[in-house]
Each structure stands twice: as structure tokens, then as C-alpha cells.
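Peer 1: Sequential numbering from 60 applies to the sequence shown in our numbering.
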Amino acid sequence: MTDQVKNQRSVERIIQGQAVMDGAGVKINRVLTQTLQRRLDPFLMLDNFGSDQANDYIAGFPSHPHRGFETVTYMLEGRMRHKDSSGNEGLLTNGGVQWMTAGRGVIHSEMPEQEDGVMEGFQLWLNLPAKDKMRAPWYRDFNGDEVPAFSTADGVKVKVIAGSSHGVAGAVQREVTEPIYIDVDLPAGATFSQSLPEGHNAFIFTYRGAVEVGDKAVGTGRMAILANTAGADGVTIRATEASRLILIAGQPLNEPIAQYGPFVMNTQAEIFAAVEDFRAGKLGEEAQA
Ligand code: MN
């Protein structure tokens, strides 16, 4: 089963990420910034970290809280160990994915477990609908070989982290936001099409090489927001050279977004409660059972 796209979406806008520091001093390319949260609802943030200089990443992300959304960490290369307040611990390695639902509260650390070499990957923040923001926390690690994958006749290699592509169901499925998250590796000259529900907000981020969507070039380190064209049924991507990219899409929640750092709720009162719960040591406590 292949994804047949008859009316493809065009590129609405090309975005260059912002260099930021986060955690204890990790250099990050923030691809999806706070100003794009409305446009790319239900996605709140996308960070691309990548360096062969240990000083850029070694300090990692020591103990910090989250409430109200999900984090999806996709490790291209390197090793990252996470530990949380429920006693869970896991090691993310090449091609591995950690899907973490913070729900009502998680306190965790995300620390590189290597002293040299390349560390590269992505962290996506996916919002939770209001009704699920205070649900119990959940997480799962997938080794690289546990992420469903397939190749097309064109030699395009696809890993399906969430949703589905060409009939292949991804590692994680979510109701309400129905996210699609795929990693696409294209040989030079190859074409790849992905079906996308008309209402989904969608974007691609090219992290190797250069591709075209319609007549728009999307080079290395660039994000292309795909237009929500009425009647469009997907996107077709052509690699002008050997390329790798991620394609992410989701059903918008259309709910108010109130963010204070690692807490994303619907109202300021809920943010205040999150800060109070964190200060009182209540955040993450319930999950320790
Ligand atoms: Mn975190």
C-alpha cells in the first residue's frame, strides 16, 4: 500500500532555527519556537541538537519538571540516559526514541552518556488536550530496531515514529492529535509522497542535503511549514541530492496555550498551580507508587 498524493500541499514559509542554550548549557538549534505554537498547534517546540564538541552537550539536562504535554526524543547518534521521579531509567542510543507523557507531572534528567564523539537528535514537544493534561505520566523507550521502518521502490528509507506511512503503523499512536512523525532518508533524485489529513498542521525539517516541495527548495537546517491548502491530500518531496528529513504533522487542538518554561497548560491559574505543586514537592510524587 502506497500513499498516493493527487493534490499536494505547497510550502507556506521557510524557517531558519534559532541558536539557543538550554539545560545546563547545551547548544541547540530551536527549529520550532514559541512564536510558531499557534500556527503549528499541537506542536509546542522542536529542538535539533547536534555537535561533535563535547562542551556543546556534556552538561546535559539535569533534574527538571514537566507538566501538561508529551516529549518525543529521537536520537540519531550518541547516548542519552534519562531517569525520572517514578524510578524509571533508560538509555537512548542510535535511532532510538523515547516517548514521554508528562501528564500531571514528571521530574526527570536527560544526560549524555559519552565524553566525546557526535551527539545528534531531536526533541519534539507535543501538546496534550485539556482533558488529558492531568492524566498519569507514561513513557516508553524504543530501540532503533523497534521503530517500524520500510523502503520504497525508489530506495527511500522511512522510519515511522508515530502515525502511519504507506500502510506501516508507527511506534506510537495518539488519539485527538493523531500525530504523524516520520524520518525519511532519500537518495539523490528520489521522490517520496506522504498522505496528510487536510486539517493537520504539518512541516518538514531537512537535516541533511536539500529537497524540493513543489518549486520551493528546503536546504539543510531549514524547516518548511506546509500550507493547509483546501483539498490537498498530502505532500510530495523530491531530493535534489541525497537527503534526510523529518516530517511531522498533527491535528490542531485549538485550545488556549499557557506556557511557563516546562509547564504547558490552558490557563495562568493552572500554570500557577503547577509552579506551586513543584515548589511543594508534589510534582512527580504520585507517580512514585
Ligand atoms: Mn525534559
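Where a beta carbon is used, it is the ideal one built from N, C-alpha and C, also for glycine. Please read all numbers here as calculations on a predicted model, not as lab measurements.
Quick check on the DSSP output: the alpha helix (DSSP H) that includes residue 330 runs from which residue to which?
Peer 2: 327 to 338 is the extent of the alpha helix (DSSP H) around residue 330.
Peer 1: Compare the Cα-Cα distances from residue 310 to each of 342, 275, 236 and report the closest residue.
Peer 2: For residue 310, the nearest C-alpha among the options comes from 236.
Peer 1: Nearest-angstrom Cα distance between residue 220 and residue 87?
Peer 2: Each residue's Cα considered, the two are about 22 Å apart.
Peer 1: What's the gap between the Cα of residue 116 and the Cα of residue 169?
Peer 2: Cα to Cα, residue 116 sits roughly 11 Å from residue 169.
Peer 1: Which residue from 101, 253, 249, 151 puts its Cα closest to that of residue 183?
Peer 2: Measuring from the Cα of residue 183, the nearest candidate turns out to be 101.
Peer 1: Per DSSP, what kind of secondary structure is residue 204 in: helix, strand or coil?
Peer 2: Correct three-state label for residue 204: helix.
Peer 1: State the beta-bridge partners of residue 171 as determined by DSSP.
Peer 2: BP columns for residue 171 point to 139.
Peer 1: Kindly identify the DSSP beta-bridge partner or partners of residue 85.
Peer 2: Residue 85 is bridged to 81.
Peer 1: Under three-state DSSP, which class holds residue 191?
Peer 2: It is helical.
Peer 1: Please return the same chain residues whose Cβ sits closer than 7 Å to the Cβ of residue 223, not counting the five positions on each side in sequence.
Peer 2: If we look at residue 223 and ignore the five residues flanking it on each side, its Cβ neighbours are 229.
Peer 1: Would you please state the rounded distance, in angstroms, between the beta carbons of residue 425 and residue 64? I believe it to be under 8 Å.
Peer 2: For the chain, the structure presents residues 60 to 348; residue 425 sits outside this window and is missing.
Peer 1: Comparing C-alpha positions only, which one of 119, 269, 195 sits nearest to residue 280?
Peer 2: Nearest C-alpha to residue 280: 269.
Peer 1: Within 10 angstroms of its Cβ, does residue 60 collect 16 or more other Cβ (buried), or is it exposed?
Peer 2: Result: exposed.
Peer 1: Consult DSSP for residue 94 and reduce its assignment to one of helix, strand or coil.
Peer 2: Note: residue 94 maps to helix in three-state DSSP.
Peer 1: Spatial neighbours of residue 319 within its chain, please: CB distance less than 8 Å, with the 5 preceding and 5 following residues excluded, ordered by chain position.
Peer 2: Result list for residue 319: 330, 333, 334, in chain order.
Peer 1: Any idea what DSSP makes of residue 106, helix, strand or coil?
Peer 2: Strand, per DSSP.
Peer 1: Given that a residue counts as buried once 16 or more other Cβ atoms are within 10 Å of its Cβ, and exposed if not, what is residue 265?
Peer 2: Per the 10 Å Cβ criterion, buried.
Peer 1: Which residues have a Cβ closer than 6 Å to any heavy atom of ligand 1, listed in chain order?
Peer 2: Qualifying residues, in the order they occur: 120, 123, 125, 130, 167, 169.
Peer 1: By Cβ distance, which residues of its chain are closer than 6 Å to residue 141, with the 5 residues on each side in sequence left out?
Peer 2: Closer than 6 Å at Cβ, skipping near neighbours: 149, 167, 169.
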